[in-house]
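Residue numbers (our numbering): 347 to 576.
Beta carbons: idealized from backbone N, C-alpha and C, even for Gly.
Everything below concerns the one structure shown next.
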Ligand code: DC
């Protein structure tokens with residue numbers, strides 16, 4: 347189902363706060379079942395980066411929303427994952443910085459920006475299936491999805507994972523700073539009035555704090571099998 351309209355392939359939504367492991371889970375599911383992948387956080391990040399690049403004031407909701415409506419975004423599969431292309435330039439690395447993450451969180455609170463990006467996100471739903479990663483996939487973008495997962499973890503565990511990830515690619519990282527950023531982002535995402543971060547009523551909630559990613563994948567695969575989706 348796409349927003350209440352019947353489609354002939356499964357849509358699986360994975361929502362939750364930043365750093366809970368949604369990206370890893372979604373990539374694993376998409377690879378395993380050959381489904382398309384929507385990284386909706388990357389779309390908000392692209393909106394923020396594109397605005398900053400051309401000098402749009404991030405306080406100007408109207409101007410940011412108007413740019414978001416015209417974004418030309420391309421997700422290109424590569425050997426190591428996916429490259430995100432903006433106007434023909436590979437911006438995958440730039441998108442992952444904390445600065446762009448905070449800017450994305452800011453523009454994501456604007457109702458006009460969220461509205462401008464709805465169709466762009468729904469267009470990712472294609473046969474043979476979709477795994478959608480975000481904050482409001484199961485509540486707003488695909489409310490009639492076949493399976494909904496809400497993946498969370500304590501802020502401390504998420505900060506620790508992010509520090510390890512940054513160190514593994516040679517970037518020095520402060521645990522205290524990352525924890526403060528994560529808490530600020532959680533606050534923005536949960537407190538906004540439009541599509542706040544919250545589990546859909548019919549979502550399976552998984553707290554991954556004490557779990558390995560393999561354990562999470564196993565639980566989700568069992569859940570999808572119990573729904574006869576895979
Ligand atoms: O998942 P991420 O960290 O790449 O997301 C970046 C920001 O975008 C995050 O702070 C919240 C926002 N976001 C959102 O509001 N709704 C989504 N569906 C995805 C992301």
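Using 8 Å as the threshold, is the C-beta distance between residue 495 and residue 410 below it?
The Cβ atoms of residue 495 and residue 410 do not sit closer than 8 Å to each other.
Could you tell me whether the Cβ atoms of residue 357 and residue 491 are closer together than 8 Å?
Yes; because the gap between Cβ atoms is below 8 Å, this pair is in contact.
Since residue 436 and residue 498 should fall inside the 8 Å C-beta cutoff, what is the C-beta to C-beta distance between them, to a whole number of angstroms?
Between the beta-carbon of residue 436 and that of residue 498 there is about 31 Å, and that puts the pair past the 8 Å contact cut.
Near the ligand DC: residue 409 beta-carbon under 7 Å from a heavy atom:
Because no heavy atom of the ligand DC lies under 7 Å away, the Cβ of residue 409 does not count as near it: no.
Integer-rounded CB distance, given that residue 369 should sit under 8 Å from residue 503:
15 Å between Cβ atoms; not a contact.
Just the Cα atoms here: how many angstroms apart are residue 419 and residue 374?
Distance between the alpha carbons of residue 419 and residue 374: 23 Å.
Under 8 Å: do the stretch 436-455 and the stretch 391-405 share three or more Cβ pairs, one atom per stretch?
By the Cβ criterion, the stretch 436-455 is in contact with the stretch 391-405, since at least three pairs of Cβ atoms, one from each stretch, lie closer than 8 Å.
If we ignore side chains and look at the alpha-carbon of each, how far apart do residue 493 and residue 541 end up?
Taking the straight line from one Cα to the other gives about 19 Å.
On the three-state DSSP scale, how would you describe residue 495?
Reduced to three states, the DSSP call for residue 495 is strand.
Can you find a heavy atom of the ligand DC that lies under 7 Å from the Cβ of residue 481?
At least one heavy atom of the ligand DC lies less than 7 Å from the C-beta of residue 481.
Under three-state DSSP, which class holds residue 532?
It is helical.
Beta-carbon contacts of residue 487 that lie in its chain and below 6 Å, excluding the five residues immediately before and after
The answer, listed in chain order, is 467.
Using 8 Å as the threshold, is the stretch 377-385 in touch with the stretch 457-473, meaning 3 or more CB pairs across them?
The stretch 377-385 makes contact with the stretch 457-473, as at least three CB pairs between them are under 8 Å.
Candidates 481, 515, 576, 441: which alpha carbon is nearest residue 333's?
The chain is shown from 347 up to 576; residue 333 falls before or after that span and cannot be answered.
When the Cα atoms are used, what is the spatial distance from residue 415 to residue 457?
Their Cα atoms are separated by approximately 13 Å.
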